[in-house]
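A short worksheet on the structure shown next.
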Amino acid sequence: MCFGFFGIQFAFALQNGSMSRIFQTLGAKMDDLAILWIAAPMTGLLVQPIIGYYSDRTWTRLGRRRPYFLVGAILTTLALFVMPNSSVLWFAAIMLWLLDASINISMEPFRAFVGDQLPPEQRTRGFAMQSFFIGAGAVVAYLLPEILTQLGVANTAAAGDIPPSVRMSFYIGGVVLICAMGWTILRTHEYPPEQLERFDDAHPEVAAAPPPVSGSRLAKEMAVFLVPAAVLAFCVGRHGLDKSLYLLAGGLAAYALLLLLTFGGRRGGALGEIIHDMRHMPVTMRRLAVVQFFSWFALFAMWIYTTPAVTALHFHSTDTTSAAYNDGADWVGVLFAAYSAFSALAAFGLAPLSQRIGLRATHLTCLVIGGLSFLSFRFIQDPRMLLLPMAGIGIAWAAILAIPYSLLSGAVPARKMGVYMGIFNFFIVIPQLVAASLLGFLLKTFFGNQPINALMIGGISLILAGLCVLMVRKETVA
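Spelled out as structure tokens, the structure:
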């Protein structure tokens, strides 16, 4: 059931490990990387709740979620074949958008798939098994450019050309993904909707009818988002702040507009129902959203800035055509493979540890370990020793991929598992949008444009995420 995630994460890891390198190779400046990465979270924000909504209402001969697995796998494979042939920066940015959209078509139903198929007492193990396959797929993908280099494939190229080792990695990734997804599609079954209804074990907190939406209440909710958006846009224009901050202002204004168009979720079909469900999330989901925000802010900082940080600080090069820079970029792939390998191993310990000390305490412990590991990057000089903090980051990554979903799946009804998993993705995407909007500005304005400082910010954010776990209600199952 979880094997398809091996292929999904293979593609996702190629994206995370190589896109900053591809962007810099095609001429992107370091302080432009965050804004170029904006395509990925924007895509998830739009695609996942829509796919979740419709997958809840789908039933075909292939099942409920598996049709989306198939479509997403085909589109992702095609995008992986095209991406490494980008010759200009704008085309690479567009291809990142298409690649991430395709991955999200498959990824969102996979989260709901585990919630559909397993009873509460098995879900922590189910999501932990997903973490294992995510870690295993990422290990191979992150190591692939280095492996190909060792086999004689060139890892350098002329200015503006993507190295052959990177191109071949993407081609291999396309084949791996379609095979792994095909295995899950062909080797699993799904319970029909009427049987899922009988299995519904949602927490009673979602059963209460929401209060009616009045015009005055809607206006107040819109003002909460419109006023900060206007103030931020004014400050950017008046004081010449980083233009990427317009993205944050635009996101706040867009949500206020959606509230108006759907009258707070009371009309508007699928979009209205998504807004309605978002406004009336279960309490557990609201508190987990804060944890997710700080967790994924840290992860996005790592994915964007580890390559420029390690190549500059530990390999002493910012020249993308130099051997030192490309050796450093390959080493980042090894480091990412290391945290993925540690996460795969840590996944096996999540269920026993959570049964002993509880899901909340387990998540708190893992996130704090990860945050301290981020902070250690500044103080380690030998790049080989960076493998040590990657162990801690791997522990945190395993927990992030499993525990929040285990806590959430028991708090939402089975008939809406897909749409709530999609909405939950907002709190993975929104921190990435904030990171893309703010990190470049913060580094350039306050931290000397040094990418290592982005990892310091990420470490603090991950520790805050751990502390916020204490707000989440104590779980009833582990």
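Here the working numbering is used: the first residue of the sequence shown is 19, the next is one more, and so on.
In this text, a Cβ means the ideal position worked out from N, Cα and C, and glycines have one as well.
Note that the structure is predicted; figures quoted are calculated from it, not measured.
With respect to GLY70, GLU139 sits apart: the two C-beta atoms are not nearer than 8 Å. Residue GLY81 holds the alpha-carbon nearest to the alpha-carbon of GLU212 among GLY81, ALA327 and ALA267. Taken through DSSP and simplified to helix, strand or coil, GLY484 comes out as helix. Listed in chain order, the non-local C-beta contacts of GLY133 below 6 Å within the same chain comprise SER427 and MET435, local neighbours out to five positions each way being set aside. Cβ-Cβ distances below 7 Å link SER120 to GLY90, LEU93, THR94 and ALA97 in the same chain, with the five nearest sequence neighbours on each side left out; the list follows chain order. The beta carbons of ARG84 and ILE196 sit no closer together than 8 Å. Per the Cβ contact rule, the segment 104-115 is not in contact with the segment 377-386 (fewer than 3 Cβ pairs under 8 Å).
Inter-residue distance for ARG256 and SER36 is about 36 Å (C-alpha atoms, whole angstroms).
Per the Cβ contact rule, the segment 397-417 is not in contact with the segment 172-179 (fewer than 3 Cβ pairs under 8 Å). By the criterion of a C-beta distance shorter than 7 Å, ARG396 is surrounded in its chain by ILE470 and MET474, once the five residues flanking it on both sides are discounted.
In this structure SER313 is not in contact with LEU457, their Cβ atoms being roughly 16 Å apart against a cut-off of 8 Å. With 16 or more neighbouring CB atoms inside 10 Å of its own CB, TRP349 falls in the buried class.
Per DSSP, the unbroken alpha helix (DSSP H) holding PHE24 starts and ends at 22-43. The DSSP-derived three-state label of THR167 is helix. Secondary structure remark: continuous beta strand (DSSP E) runs of at least 3 residues inside the segment 258-299: none found.
TYR323 and PRO137 have their C-alpha atoms roughly 39 Å apart.
In this structure, DSSP gives THR78 an extended state, which the three-state scheme calls strand. CA-CA distance, THR339 to THR280, rounds to 51 Å. Between the alpha carbons of TYR423 and ARG305 lies a gap of roughly 13 Å. Only exposed fits ASN103, as fewer than 16 other CB atoms lie within 10 angstroms of its CB. C-alpha of GLN310 to C-alpha of ALA483: approximately 7 Å in a straight line. Burial is judged here by how many other beta carbons sit within 10 angstroms of a residue's own beta carbon; THR78 has fewer than 16 and is exposed. Assignment of PHE333 by DSSP, reduced to helix, strand and coil, places it in the coil class. Between the segment 330-347 and the segment 148-161, the count of Cβ pairs shorter than 8 Å is below three; the stretches do not touch. In the DSSP assignment, VAL430 falls outside any alpha helix (DSSP H), carrying neither H nor E.
SER104 carries a coil assignment under DSSP once its states are collapsed to helix, strand and coil. Put simply, of LEU393, MET240, SER187 and LEU405 the residue whose alpha carbon is nearest the alpha carbon of ARG297 is MET240. LEU265 and GLY62 have their alpha carbons spaced roughly 15 Å apart.
Closest in C-alpha terms to ALA429, from the list ALA251, ARG141 and PHE28, comes ARG141. MET186 sits in a helix when the DSSP states are folded into three classes. A Cβ-Cβ separation of about 37 Å leaves PHE243 out of contact with GLY155 under the 8 Å criterion. For GLN450, the uninterrupted alpha helix (DSSP H) segment begins and ends at 444-464. Contact between ILE387 and ALA414 is confirmed by a C-beta separation of about 6 Å, below the 8 Å threshold. Residue burial is scored here from C-beta neighbours: TRP108 has fewer than 16 other C-beta atoms within 10 angstroms and is therefore classed as exposed. Here ASP134 carries a helix assignment [DSSP, helix/strand/coil].
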